[in-house]
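This report concerns only the one structure given below.
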């Protein structure tokens, strides 16, 4: 499905929309004998769809939000019965063993009709904690007494609202240990009221200064229209479609003798009424967030609060530091050497380190851009492009591998089968509402299949006399769990946004219909065991595409500003060299004015 429109005398095609994290697109110019020839260019952006979950998981999320509010209303009236969790076995030495050094324990819900959401949120949390520490993630039902004291910090994700027909799966030992330990505990979302009841409401209030049993998701009979969260003077977004918002818990803070002060870390604001309420609070060892922030995210989203609060729990002495990174995207044998040279010269004069994402083989199997005649060109057959790449490398650029062909056979996946336009490691289609929908890995997806494509890609660089790229970026940011593990065996790191599939934490067969997409403000060691470098503010795209608005330099700069809330974070974006130089200049200058220092990709893991 193509949406062609003219721009500057050239035809453009609507390209890849993102259903989780963001989908890279490719845009290239044909050239012959060193002369640039314009051709239709796809809408190639990395803008983020507000949804961070698969379509199936979105259904779970919507139903879970409705169930949460229904249960919360029952709890308010005293009509919600909670069946305690069964007693757990005594801890053993093996269950208490934890990694040496800084470590994080991530506990998550798995029971109830929407328990499958818990693992997705746990993977997102474990990925972020992987920036700081060795991470252990397990269902909260597997918790045994004393476990919190074996880890530097613990995070519990309350995604199942226990009560009614769903018995409490949180062991009494965790409620007691979370209260008794001096180590940091971060509690996100549901069931904090059950902890208060378990340890004694009076005791909870006297230690923490607020009353979870009198705290609810609705205020004045409604969840309202909370669309902003303020943290460290940064106004972060919260954009959740009507009917899918499970609300933010309004903590009942206490004042007066006998109650300790509660620190409000972040404030939620209702965009309609203007009313404000704490979104995140801290007292004693407990940090509480009023919702799980991993669904409906953007580059300036309230998830930034949690990304920064992890420093308090796992690396509190971290100094303030703000770095930026830019990469040039979708360079292939059909790129225009003159355009590459223009961008490279600018970055060199500004002393800006950068990465170059290169596709070693260009193919147009149906001749979409070649008058119906199939066309395939390798880097070795494009000496002018290779010359510019070598000049970039000599000037300090870092070579990165962006797939083998950045498309899939002769299929429209989802557009036309041309390099840069389509997915390579995942199937996709455009639905009747002009959204790109991810369909899952190709039928032949396997370790061998993925490794073969990687081997062919690396051979393409070698044949052109280029060095082996140390870094990888997945075409359109979509691959299977199998593929990600293969990539981790071939490259020192991936620089991208990624998909994480249900079943990963349990070691079972990944469920390709349920996954979460995520991007990061800093380097992480993810649940696949691979290092992922950040790309978190998207890219320049001057026109709307697939229900995504344009993304201009001002938008990138605004996202970089929001990410200043992360005390040691990165503002990482990419730029397609076929665009004019001016928007890149505006973006770089704006980000530098915020106080960021540009670094190369290999610096991002330091």
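In this note's numbering, the protein residues as written are 41 to 646. By construction, the Cβ of each residue, glycine as well, lies at the ideal position given by its N, Cα and C atoms.
{"query": "Below 8 angstroms on the Cβ atoms is my contact criterion, and I expect residue 539 with residue 519 to pass it. Report the Cβ-Cβ distance as a whole number of Å.", "result": "7 angstroms"}
{"query": "Tell me the rounded alpha-carbon separation between residue 167 and residue 411.", "result": "46 angstroms"}
{"query": "Which ranges does the beta strand (DSSP E) cover as unbroken runs of at least 3 residues, wholly within the segment 161-217, from first to last along the chain?", "result": "174-179, 193-198"}
{"query": "Taking the beta strand (DSSP E) that residue 253 falls in, what are its first and last residues?", "result": "250-256"}
{"query": "Once the 5 residues before and after residue 408 are set aside, which same chain residues still bring their CB inside 6 angstroms of it?", "result": "456, 458"}
{"query": "Tell me which same chain residues have a C-beta within less than 7 angstroms of the C-beta of residue 206, skipping the five on either side of it?", "result": "151, 152, 200"}
{"query": "Following the continuous beta strand (DSSP E) through residue 614, name the residue where it begins and the one where it ends.", "result": "608-615"}
{"query": "Which first and last residues belong to the beta strand (DSSP E) in which residue 419 is found?", "result": "First-last for residue 419: undefined, no H or E at that position."}
{"query": "Do residue 289 and residue 249 have their CB atoms nearer than 8 angstroms?", "result": "no"}
{"query": "Okay, do the segment 311-329 and the segment 274-291 touch, 3+ Cβ pairs below 8 angstroms being the bar?", "result": "yes"}
{"query": "Bridge partners for residue 398 per DSSP, in chain order?", "result": "371, 441"}
{"query": "Does the segment 469-489 come close enough to the segment 423-431 to have 3 or more Cβ pairs within less than 8 angstroms?", "result": "no"}
{"query": "Is it buried or exposed, residue 574, if we count other Cβ atoms within 10 angstroms and call 16 or more buried?", "result": "buried"}
{"query": "From the DSSP output, which residues share a beta bridge with residue 561?", "result": "Note: residue 561 sits in no beta bridge, so no partner."}
{"query": "Find the nearest neighbour of residue 595 within the set 155, 238, 277, judged by alpha-carbon distance.", "result": "277"}
{"query": "If you follow the alpha helix (DSSP H) that residue 529 is in, where does it begin and where does it stop?", "result": "521-530"}
{"query": "State the Cα-Cα distance for the pair residue 484 and residue 379, rounded to the nearest angstrom.", "result": "37 angstroms"}
{"query": "Which of the three DSSP states is assigned to residue 501 in this structure?", "result": "helix"}
{"query": "Between which two residues does the beta strand (DSSP E) carrying residue 276 extend?", "result": "274-277"}
{"query": "For the 8 angstroms Cβ check, are there 3 or more pairs between the segment 635-644 and the segment 304-311?", "result": "no"}
{"query": "Residue ranges of each alpha helix (DSSP H) run of no fewer than 4 residues wholly in the segment 271-354, ordered along the chain?", "result": "343-354"}
{"query": "If I measure Cβ to Cβ from residue 272 and keep anything under 6 angstroms in the same chain, skipping five residues before and after, which residues do I get?", "result": "605"}
{"query": "Per DSSP, which residues does residue 555 bridge with? Please list them.", "result": "541"}
{"query": "Within the present structure, is the beta-carbon of residue 468 separated from the nearest heavy atom of the ligand GDP by less than 7 angstroms?", "result": "With respect to the ligand GDP, the structure offers nothing, as it holds no ligand at all."}
{"query": "If you draw a straight line from the alpha carbon of residue 309 to that of residue 269, how long is it in whole angstroms?", "result": "6 angstroms"}
{"query": "Going by DSSP, name the residue or residues bridged to residue 363.", "result": "610, 637"}
{"query": "Relative to the C-alpha of residue 112, which residue among 154, 230, 213 is closest?", "result": "230"}
{"query": "So with Cβ pairs under 8 angstroms, would you call residue 196 a contact of chain B?", "result": "No chain B is part of this structure, which consists of one protein chain only."}
{"query": "Is the Cβ-Cβ distance between residue 138 and residue 191 less than 8 angstroms?", "result": "yes"}
{"query": "Please list the terminal residues of the continuous alpha helix (DSSP H) segment that includes residue 595.", "result": "593-602"}
{"query": "Pull up the distance between the alpha-carbon of residue 159 and that of residue 100, whole angstroms please.", "result": "13 angstroms"}
{"query": "When the Cβ atoms of the segment 491-506 are set against those of the segment 114-122, are three or more pairs found closer than 8 angstroms?", "result": "no"}
{"query": "Are residue 631 and residue 364 touching if we call contact CB-CB under 8 angstroms?", "result": "yes"}
{"query": "Helix or strand or just coil, what does DSSP make of residue 486?", "result": "coil"}
{"query": "What does a CB cutoff of less than 7 angstroms around residue 593 pick up in its chain, not counting 5 residues either side in sequence?", "result": "580, 623, 626, 627, 630"}
{"query": "Pull up the distance between the alpha-carbon of residue 565 and that of residue 345, whole angstroms please.", "result": "20 angstroms"}
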